[in-house]
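Student:
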Amino acid sequence: MKLTRRDFVKSNAVAAAAAAAGVTLPGIKTATAAEGDDLRWDKIACRFCGTGCSVLVGVKDGKIMASQGEPDAPVNKGLNCIKGYFLPKIMYGKDRLTQPLLRKKNGKYDKNGDFEPVSWDEAFKTMAEKWVAARKKGPKGIGMFGSGQWTVWEGYAASKLLKAGFRSNSLEPNARHCIASAVGAFMRGFGIDEPMGCYDDLEHADAFVLWGANMAKRVFDLVKDFGTSKSPKSTRPSTTY
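Here this note's numbering is used: the first residue of the sequence shown is 281, the next is one more, and so on.
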């Protein structure tokens, strides 16, 4: 496998980010999709945040063996933040759900029972029965609370299911709760309910002032591409996102 200067720089950036975060990289190498590689490379969307980074994953015998940023992606330009490089770790986490769980008591569904592993057939059968029962209450008798880590496709499917399938507008992601406090601050600080500026502004700025956050741990590094200088002074990363 050939190693270009760009790949070398990216590898060092990842190692530096991991060292700064006080962690070690997962036992999955970051690699380049090169000719002669026996891995099958596919492209996915990183779902840690809404930046929209693209990631390449190398698969062999049905298992993810490597990951890297998508070099042709206009957003992250071949780089991932430290969270993005840990994406494969999620697939093989010990606490990851791998089969349906249903609350049961005495062998039957009970909302006050304990979670038990069930087959997919039983899970879908139970869901269908409960959805049909809820639908009889009308549009206001049904709703969905989703994840802020939904992909665009999952959000589209959820919207179709609730709005077209059940004629209900009661669809919310936790993202609205997450941003509610931020909207209040934006209105008081800037008079507008969203952050001012856009990603393009980063390329033209000479300096950034940050309070209670470390963007280096969350957004890809722009230093290499745009020559931005980074102050050695830093603050403890915020625990509120």
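Beta carbons are placed, not taken as given, at the ideal position from N, Cα and C, and that holds for glycine. Just so we're clear, the structure is a prediction, and the values are computed from it rather than from any experiment.
From Val339 to Gln429, what does the alpha carbon distance come to, in whole angstroms?
Tutor: So the two alpha carbons sit approximately 23 angstroms from each other.
Student: Could you check which residue in Asp473, Ser450 and Thr331 has the C-alpha nearest to that of Ser461?
Tutor: Taking only the C-alpha atoms, the option nearest Ser461 is Asp473.
Student: Compare the C-alpha of Val337 against each of Ile370, Thr331 and Leu377 and name the closest.
Tutor: Residue Ile370 is the option with its Cα nearest to Val337.
Student: To the nearest angstrom, report how far apart Leu490 and Ser427 are at their CA atoms.
Tutor: Distance between the alpha carbons of Leu490 and Ser427 is about 28 angstroms.
Student: Whether or not the segment 374 to 383 and the segment 396 to 404 are in contact is what I'm after, with contact meaning three or more pairs of Cβ atoms, one per stretch, closer than 8 angstroms; do they touch?
Tutor: Yes, the segment 396 to 404 is in contact with the segment 374 to 383.
Student: Going by DSSP, what residues sit across from Val335 in a beta bridge?
Tutor: According to DSSP, which records beta bridges pairwise, Val335 is partnered with Ile324 and Gly349.
Student: State yes or no: is the C-beta of Leu451 within less than 8 angstroms of the C-beta of Gly423?
Tutor: Against a cut-off of 8 angstroms, the Cβ pair of Gly423 and Leu451 comes out as a contact.
Student: Below 8 angstroms between beta carbons: does that hold for Cys333 and Val355?
Tutor: In this structure, Val355 lies closer than 8 angstroms to Cys333 by Cβ.
Student: Report the residue from Lys374, Ile344, Gly342 and Thr331 whose alpha carbon sits nearest the alpha carbon of Ala353.
Tutor: Among Lys374, Ile344, Gly342 and Thr331, the Cα nearest to that of Ala353 belongs to Thr331.
Student: So, is Cys326 buried or exposed, given that buried needs 16 or more other C-beta atoms within 10 angstroms?
Tutor: Buried, because 16 or more other Cβ atoms sit within 10 Å of the Cβ of Cys326.
Student: Shortest alpha-carbon distance to Leu345 belongs to which of Tyr372, Arg456 and Trp411?
Tutor: Inspection of the sequence shows that residue 345 is occupied by Met rather than by Leu. Ranking the options by Cα distance to Met345, first place goes to Tyr372.
Student: Leaving out five residues on either side along the sequence, give the residues of the same chain with a beta carbon under 8 angstroms from the beta carbon of Asp322.
Tutor: Result list for Asp322: Leu336, Val337 and Val339, in chain order.
Student: Pull the bridge partners of Ile344 from the DSSP assignment, please.
Tutor: Answer by DSSP bridge pairing, in chain order: Val339.
Student: Using the Cβ count rule (16 or more neighbours within 10 Å means buried), how would you classify Cys478?
Tutor: It is exposed - the Cβ of Cys478 has fewer than 16 other Cβ atoms within 10 Å.
Student: Within 10 Å of its beta-carbon, does Cys361 have 16 or more other beta-carbons around it, so buried, or fewer, so exposed?
Tutor: Cys361 comes out buried.
Student: Exposed or buried, which one is Phe446 when buried takes at least 16 other CB atoms within 10 Å?
Tutor: Buried is the call here.
Student: Please go through the same chain and pick out, in chain order, the residues whose beta-carbon is closer than 8 angstroms to the beta-carbon of Asp318, but skip the five residues on each side of it.
Tutor: Cβ neighbours of Asp318 beyond the five flanking positions: Lys340.
Student: Looking at the structure shown, is Glu483 part of a helix, part of a strand, or coil, going by DSSP?
Tutor: Here Glu483 sits in helix by DSSP.
Student: Could you pull out every residue in the same chain whose Cβ sits closer than 7 angstroms to the Cβ of Ile324, ignoring the five residues on either side in sequence?
Tutor: Only Val335 and Val337 meet the Cβ criterion.
Student: Using the three-state DSSP reduction, which class does Met371 fall into: helix, strand or coil?
Tutor: If DSSP states are grouped into helix, strand and coil, Met371 belongs with the helices.
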